[in-house]
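Residue numbers (the working numbering): 2 to 277. From the three backbone atoms N, C-alpha and C, an ideal C-beta is built for every residue, glycine too. Beneath this line is the structure, given in structure tokens, with notes to follow.
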Ligand SMILES: Nc1ncnc2c1ncn2[C@@H]1O[C@H](COP(=O)(O)OP(=O)(O)O)[C@@H](O)[C@H]1O
Ligand SMILES: [Mg+2]
């Protein structure tokens with residue numbers, strides 16, 4: 002299947018903005034506005050991590066990018082075109098387990114192609130590719146209840162990737178996994194998105210995850226939400242996470258970002274509000 006609407010993705014168009022949030026106002030009815038005049042961009046091929054305290058508005062940003070929520074003011078553009086409804090060019094991997102329990106792994110992964118009316122032959126080809134990509138060939142006929150936590154996350158990843166969306170939205174996708182499995186998933190995710198030249202907007206509250214995976218990290222906090230700090234991660238695309246984890250540069254960067262996040266927490270939950 003051709004890549005949807007983003008012919009440039011195979012080229013090396015630096016600074017081509019795939020997702021542009023401009024001057025966004027957003028809030029839920031009874032709450033103070035979450036976003037006011039908020040700007041954010043994700044470039045073609047970029048891995049951007051959003052790091053911030055719980056409740057600051059990270060999932061809201063993903064929902065705006067997915068077109069599931071509409072801004073009260075301002076604009077969301079995807080690949081240069083204004084977004085007015087559901088964004089069909091993103092794969093959205095939500096925090097929860099959204100595999101259908103009555104379907105096998107294969108049927109779950111195929112769902113987005115069935116919804117798009119893709120032909121049987123193409124579905125079959127893409128399924129084989131996706132199963133190999135996430136190492137689930139042996140588990141294709143299993144049901145979600147028969148899968149380990151890691152296998153479920155891999156199935157969800159395959160489902161998000163199967164129609165080759167130019168961008169993945171990921172909402173704390175590995176939060177429920179144990180440390181070792183997370184490490185494996187991190188490297189697998191990077192290998193996969195790099196191979197496909199995907200852009201990723203990745204939400205997490207885990208500092209090490211953000212600096213291991215991302216090209217750029219935004220530390221967010223406050224209401225309305227602000228970018229408290231923007232950090233460019235220096236590892237490059239072909240990073241080996243096991244090597245980085247043992248490096249002094251990683252330790253230094255982690256402690257730097259930790260102090261930024263502490264400031265974000267203080268902005269989000271001022272001492273009076275916490276009763277401290
Ligand atoms: N559907 C909703 N209705 C009303 N308020 C909501 C809804 N979804 C989220 N919120 C509120 O919006 C704020 C931001 O939520 P969210 O984006 O989920 O934060 P995060 O993902 O950073 O934890 C929170 O205060 C949350 O309670
Ligand atoms: Mg959230």
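Check whether residue i and residue j have beta carbons under 8 Å apart
i           : j           : result
residue 221 : residue 59  : yes
residue 218 : residue 50  : yes
residue 61  : residue 73  : no
residue 54  : residue 265 : yes
residue 20  : residue 66  : yes
residue 102 : residue 145 : yes
residue 229 : residue 178 : no
residue 172 : residue 95  : yes
residue 258 : residue 232 : yes
residue 131 : residue 163 : yes
residue 194 : residue 143 : no
residue 90  : residue 168 : yes
residue 190 : residue 158 : yes
One or two residues paired with residue i in a DSSP bridge
i           : result
residue 26  : 74
residue 32  : Paired residues: none, contrary to the question.
residue 200 : 168
residue 82  : 79
residue 228 : 221
residue 48  : 201
residue 189 : Answer is none; residue 189 lacks a bridge partner.
residue 18  : 44
residue 92  : 169
residue 233 : 217
Rounded C-alpha distance that separates residue i from residue j
i           : j           : result
residue 114 : residue 270 : 43 Å
residue 3   : residue 42  : Any reading at residue 3 must be qualified, since the residue scores a pLDDT of 35, below 50, and its modelled position is unreliable; the value itself is stated next. Roughly 24 Å separates the two Cα atoms.
residue 92  : residue 151 : 19 Å
residue 47  : residue 192 : 14 Å
residue 135 : residue 197 : 13 Å
residue 112 : residue 124 : 10 Å
residue 141 : residue 156 : 9 Å
residue 246 : residue 234 : 13 Å
residue 170 : residue 63  : 6 Å
residue 161 : residue 243 : 26 Å
residue 44  : residue 201 : 9 Å
residue 6   : residue 211 : Only weak support is given to the placement of residue 6: the predicted model assigns it a pLDDT of 37, under 50, and the value that follows is read from those uncertain coordinates. So the alpha carbons of these two residues sit roughly 28 Å apart.
residue 268 : residue 57  : 10 Å
residue 226 : residue 35  : 6 Å
residue 241 : residue 30  : 45 Å
residue 122 : residue 128 : 10 Å
residue 276 : residue 249 : For residue 276, the predicted model reports a pLDDT of 49, less than 50, meaning its position is unreliable and no value from the coordinates is stated.
residue 224 : residue 209 : 25 Å
residue 255 : residue 180 : 17 Å
residue 263 : residue 213 : 19 Å
residue 110 : residue 16  : 32 Å
residue 85  : residue 154 : 30 Å
residue 33  : residue 52  : 21 Å
residue 239 : residue 104 : 36 Å
residue 166 : residue 39  : 25 Å
residue 138 : residue 108 : 13 Å
residue 206 : residue 97  : 15 Å
Assess contact between the stretch 22-30 and the stretch 74-82, defined as three or more Cβ pairs (one per stretch) separated by less than 8 Å. Is contact present? In the pairwise beta carbon analysis, the stretch 22-30 is classified as touching the stretch 74-82: at least three pairs are separated by under 8 Å.
Quick one: any contact between the stretch 101-119 and the stretch 179-193, if contact means 3 or more CB pairs under 8 Å? Not touching, per the Cβ criterion.
In chain order, which continuous runs of the alpha helix (DSSP H) of length 4 or greater are located wholly inside the stretch 97-176? Counting whole runs of 4 or more residues, the stretch 97-176 contains the alpha helix (DSSP H) stretches 106-116, 121-134, 150-162.
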